[in-house]
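Here is the structure we will look at, set down as structure tokens.
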Amino acid sequence: MKKKSFSILLTALLTFSVMLSACSGGNNSSKEKNDPAPTTNGGDTTAAVVEPEAPTEIKIMLPLNTTDTPPDTIKTELEKLTNTKLTYQFFPADSYEEKLNTSFATGSLPQVTYLKNQATFVQMKESIKDGQFWEIGPYLSEFPNLSKLKPEILNNTKVDGKLYSLYIGRPLARQGIIYRKDWADKLGLSAPANLDELYEMAKAFTEQDPDGNGQKDTIGVVDRNELYYGAFKTISAWFGTPNTWGEKDGQLAPEFAFSQYVDTMDFFKKLRDGGYMNQDFAATSKTDAVNMFTSGKAGLYIGGSMQDIDTLNKDLIKNYPDAVLDTHSMVAGSDGKFAQWMIPGYNNVVLFPKSAVKDEAELKKILGFFDKMMTPEVANLMFWGIEGTHYTVVDGKAKPGDDKELIEREVKGYKDSVIGEAETNGMYQPYNILPGRIHAEELVLENVKVGVADPTAALDSATYVEKGVELQQIITDATYKYIYGQIDKAGFDKEVESWMSRGGAQIIEEYNAAK
């Protein structure tokens, strides 16, 4: 009887053990082979194991506006924030156009290709029409941040009504004067209210020993070898010249067909003949012009961006600690009116070559990277750097650190590639303490109120795409020759006739047909 009871007890224990094992899932090897993947649905609360998405590999080509290629300080943080593996191909801005053309001709452009400026964008339009770059317009609605880009600026970058590019936003009218206020105060001069006063300031800065060293070693205006972003176009706007193209007798005509363009050439010729600007300005690089200004040789730096005052001031006070700079832009023309030429809202664009981006899925991954770039966290990283290292936040604005060389070396290369602008990507506005820079920001807003747009910004001309650069060189050379006194008005008109006969007349016809 005892043996039978023991047997029954043993059987019960074995049965209970099997049941317990089944309830607990058994051993690990059995579970791995037979059980389905864990799920969070129903009664099973086991968390799913999600494999991290592999970083998207992207190669990026862009112009470098600093002497040295930046280290990976910003790139490393950028890769973490965007889950990417980035290869940046930096090339000097001065020779970037040549590198761009070579890479395009050899089919070696990377997935993300920044152009140099609006001019290189125009040159690329024919290739865009040929279908060599991805059209991205249909995809933007899938990306919440890219969808914030300003429609009016996107329209200015469309080709045949289609969008192929993202833009690097810039204020519409940043240009004006950066000048030696300490010199002006010493000589009893106010900021020039009109073109006559501008001329007189340039003359006084040359002839009245503004630096007080007893030597005639200063000049009024320092300019560089660029009609567009140098002093010429800014002053030309003050004379009332249209912005690149304008209406004349109901038809679009190039700016040099207007008398105000000639008035501007006469003004520069008078400045140069009087010795009130650098004599070889047509051969002076931007770097050399900046060096002349920051070394105390010149008192007026005109054109470009008034926001450059920070950099100019930093270098100037190293040489002259008591120097004071200010900004100014409201210079009236002979008719008493104010005008400022405006850019189309961008200074550069980025394209996506089909030779490098193999399919739609890859394109969307790349656009996803740019969508993340337009978040405040990423935009601030690329534009301002690392908080606490390159900048601090004061009153909700970014205040750059004191180590300007560190910022220039580590951040500048990436800063120039940020998509959109503060209104669309949410990055910090600058916290400015330099009075001249604060003044500049106020003037940028005032400039827009009297801004003049280029009426051809959103128009296409096949002849301009094909021959525009070559033809513009005719006018550029003729403008310099006129100012230098190498040709007169008749000689300039002859060069304009050459422009017309070699394709200019066709450009006029095409723009008027497209408007």
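Letter by letter, the sequence shown follows residues 2 to 516 of the numbering used here.
We put the CB at the ideal spot given by N, CA and C, even for glycine.
Item to complete: Compare the C-alpha of Tyr180 against each of Gln308, Gly215 and Lys149 and name the closest.
Response: Position 179 of the sequence shown holds residue 180. The option with the nearest alpha carbon to Tyr180 is Gln308.
Worksheet entry | Whole-number beta carbon distance between Met428 and Phe371, since they are thought to touch under 8 angstroms | Reading the sequence shown from its first residue, position 370 is the one you call residue 371. Reading the sequence shown from its first residue, position 427 is the one you call residue 428. Actually they do not touch by this definition, with Cβ atoms about 14 angstroms apart.
Item to complete: Grab the span of the alpha helix (DSSP H) containing Thr245 for me, first residue to last.
Response: Looking up residue 245 in the sequence shown gives position 244. Element bounds for Thr245: n/a, residue is neither H nor E.
Worksheet entry | For Gln341 and Val222, believed in contact at Cβ under 8 angstroms, the rounded distance | Counting from 1 along the sequence shown, the entry for residue 222 is found at position 221. Counting from 1 along the sequence shown, the entry for residue 341 is found at position 340. In fact, because the Cβ distance is near 18 angstroms, the residues do not count as touching under 8 angstroms.
Discussion item. By the three-class DSSP mapping on this structure, what secondary structure does Arg410 have?
Written reply: Within the sequence shown, residue 410 is the residue found at index 409, counting from 1. DSSP places Arg410 in helix when its eight states are reduced to three.
Practice prompt. State whether the stretch 191–206 contacts the stretch 345–358, with contact taken as three or more CB pairs (one from each stretch) at a distance under 8 angstroms.
Written response: no
Practice prompt. Taking all protein chains shown into account, decide if Asp69 is buried (16 or more other Cβ within 10 angstroms of its Cβ) or exposed.
Written response: For the purposes of this step, residue 69 is taken as residue 68 along the sequence shown, with counting starting at 1. So Asp69 counts as exposed.
Item to complete: Can you tell me which of the three DSSP states Tyr347 falls into?
Response: As a working note, residue 347 is residue 346 in the sequence shown. Residue state, collapsed to three classes: strand.
Discussion item. So, for Asn448: in the same chain, excluding its five sequence neighbours on each side, which residues have a beta-carbon less than 6 angstroms away from its beta-carbon?
Written reply: Position 447 of the sequence shown holds residue 448. So the list reads Ala174, Ser330 and Gln341, once near-sequence residues are dropped.
Practice prompt. Reducing DSSP to helix, strand and coil, say where Val466 ends up.
Written response: Looking up residue 466 in the sequence shown gives position 465. In this structure, Val466 counts as helix in the three-state DSSP scheme.
Practice prompt. Taking Arg181 as part of the beta strand (DSSP E), name the residues at either end of that continuous run.
Written response: Residue numbering aside, residue 181 sits at position 180 when the sequence shown is read from its first letter. Note, Arg181: beta strand (DSSP E), Gly177 to Arg181.
Worksheet item: Which whole runs of the beta strand (DSSP E) in the stretch 293–317 are 3 residues long or more, in chain order?
Response: 299–304
Practice prompt. Report, in whole angstroms, the separation of the C-beta atoms of Tyr115 and Asn381, which I expect to be a contact under 8 angstroms.
Written response: Taking the sequence shown and counting its residues from 1, one reaches residue 115 at position 114. Taking the sequence shown and counting its residues from 1, one reaches residue 381 at position 380. In fact, because the Cβ distance is near 20 angstroms, the residues do not count as touching under 8 angstroms.
Worksheet entry | Own chain residues within Cβ distance below 8 angstroms of Gly337, not counting five before or after | On the sequence shown, residue 337 is found 336 positions in, with the first residue counted as 1. Here the set comprises Asn195.
Discussion item. Tell me which residues share the same chain as Asp1 and place their Cβ nearer than 6 angstroms to its Cβ, disregarding the 5 neighbours each side in the sequence.
Written reply: No statement about residue 1 is possible, as the shown extent of the chain runs from 2 to 516 and does not include it.
Item to complete: Go ahead and pull the three-state DSSP assignment for Asp328.
Response: Sequence index remark: in the sequence shown, residue 328 carries index 327 (1-based). The identity of residue 328 in the sequence shown is Thr, whereas the question assumes Asp. Of the three classes helix, strand and coil, the one that applies to Thr328 here is strand, per DSSP.
Worksheet item: chain B beta carbons: is any one of them nearer than 8 angstroms to that of Gly251?
Response: The structure shown has no chain B; it contains just one protein chain.
Worksheet item: Leaving out five residues before and five after Gly138 in sequence, what residues of the same chain have Cβ atoms less than 7 angstroms from its Cβ?
Response: Working through the sequence shown from its first residue, we reach residue 138 at position 137. Once the five neighbours on either side are set aside, the close Cβ partners of Gly138 are Lys163 and Leu164.
Worksheet entry | Local conformation of Pro436 per DSSP, three classes | For the purposes of this step, residue 436 is taken as residue 435 along the sequence shown, with counting starting at 1. Reduced to three states, the DSSP call for Pro436 is helix.
Item to complete: Tell me, to the nearest whole angstrom, how far the beta carbon of Asn426 is from that of Pro377; I am working on the premise that it is less than 8 angstroms.
Response: Numbered from 1 along the sequence shown, position 425 holds the residue referred to as residue 426. Numbered from 1 along the sequence shown, position 376 holds the residue referred to as residue 377. Right, their Cβ atoms sit about 7 angstroms apart.
Item to complete: Using 10 angstroms around the beta-carbon of Gln430, count the other beta-carbons present and answer buried if the total reaches 16, otherwise exposed.
Response: Residue numbering aside, residue 430 sits at position 429 when the sequence shown is read from its first letter. Gln430 should be labelled exposed.
Worksheet item: Buried or exposed: where does Thr107 fall if 16 or more other Cβ atoms within 10 Å of its Cβ makes it buried?
Response: Translated into the one-based positions of the sequence shown, residue 107 becomes position 106. The residue is exposed, with fewer than 16 neighbouring Cβ atoms inside 10 Å.
Discussion item. For the ligand MG, I want to know if Gly108 counts as a neighbour, meaning its beta carbon is within less than 7 angstroms of at least one of the ligand's heavy atoms.
Written reply: Looking at this structure, you won't find the ligand MG or any other ligand, since it has none at all.
Discussion item. Quick check on DSSP: helix, strand or coil for Asn320?
Written reply: Locating residue 320 in the sequence shown gives position 319, counting from the first residue. DSSP places Asn320 in helix when its eight states are reduced to three.
Worksheet item: If Ser462 and Glu511 are in contact, beta carbons under 8 angstroms, what's the gap, nearest whole angstrom?
Response: As a working note, residue 462 is residue 461 in the sequence shown. As a working note, residue 511 is residue 510 in the sequence shown. Contact flag correct, Cβ pair sits at about 4 angstroms.
Fill in: Own chain partners of Gln216 with C-beta closer than 6 angstroms, once the 5 adjacent residues on each side are dropped
Translated into the one-based positions of the sequence shown, residue 216 becomes position 215. Once the five neighbours on either side are set aside, Gln216 has no close Cβ partner at all.
Discussion item. Measuring only the C-alpha atoms, how far is Gln112 from Ile75?
Written reply: One-based indexing of the sequence shown puts residue 112 at position 111. One-based indexing of the sequence shown puts residue 75 at position 74. Going from the Cα of Gln112 to the Cα of Ile75 covers about 20 angstroms.
Discussion item. Which same chain residues end up closer than 6 angstroms to Asn28 when comparing Cβ atoms and leaving out the 5 residues on each side of it in sequence?
Written reply: In the sequence shown, counting from the first residue as 1, residue 28 sits at position 27. Because the pLDDT at Asn28 is just 38, under 50, the model does not fix this residue reliably, and the value given afterwards should be weighed accordingly. If we look at Asn28 and ignore the five residues flanking it on each side, it has no Cβ neighbours.
Item to complete: Return the residue from the list Gly170, Thr235, Lys159 and Leu272 that minimises the CA-CA distance to Glu208.
Response: Numbered from its first residue, the sequence shown carries residue 208 at position 207. Of the listed residues, the one whose Cα sits closest to Glu208 is Leu272.
Discussion item. Could you pull the DSSP bridge partners for Met125 from this structure?
Written reply: Position 124 of the sequence shown, counted from the first residue, corresponds to residue 125. Answer is none; Met125 lacks a bridge partner.
Fill in: Pair within 8 angstroms by beta-carbon distance, Leu141 and Lys117
Taking the first residue of the sequence shown as position 1, residue 141 is located at position 140. Taking the first residue of the sequence shown as position 1, residue 117 is located at position 116. Taking 8 angstroms as the Cβ cut-off, Leu141 and Lys117 do not qualify as a contacting pair.
Worksheet item: By DSSP, does Ile59 sit in helix, in strand, or in coil?
Response: For the purposes of this step, residue 59 is identified with residue 58 of the sequence shown, where counting begins at 1. The answer is strand: DSSP assigns Ile59 an E or B state.
Discussion item. If I follow the unbroken beta strand (DSSP E) through Lys516, where does it start and stop?
Written reply: Counted from its first residue, the sequence shown places residue 516 at position 515. Segment: none, Lys516 is in no beta strand (DSSP E) and carries neither H nor E.
Discussion item. Please identify the residue among Lys126, Tyr302 and Pro456 whose C-alpha is closest to the C-alpha of Glu256.
Written reply: The residue you call residue 256 lines up with position 255 of the sequence shown. If we check each option's Cα against that of Glu256, Pro456 comes out closest.
Worksheet item: For Met383, which of helix, strand or coil comes out of DSSP?
Response: Working through the sequence shown from its first residue, we reach residue 383 at position 382. Met383: helix per DSSP, three-state reduction.
Worksheet item: Mind checking Gly26: buried by the 16 CB within 10 Å criterion, or exposed?
Response: Position 25 of the sequence shown holds residue 26. Residue confidence for Gly26 is low, a pLDDT of 39 falling below 50, so the modelled location carries little weight; the figure read from the coordinates is stated next. Under this definition Gly26 is an exposed residue.
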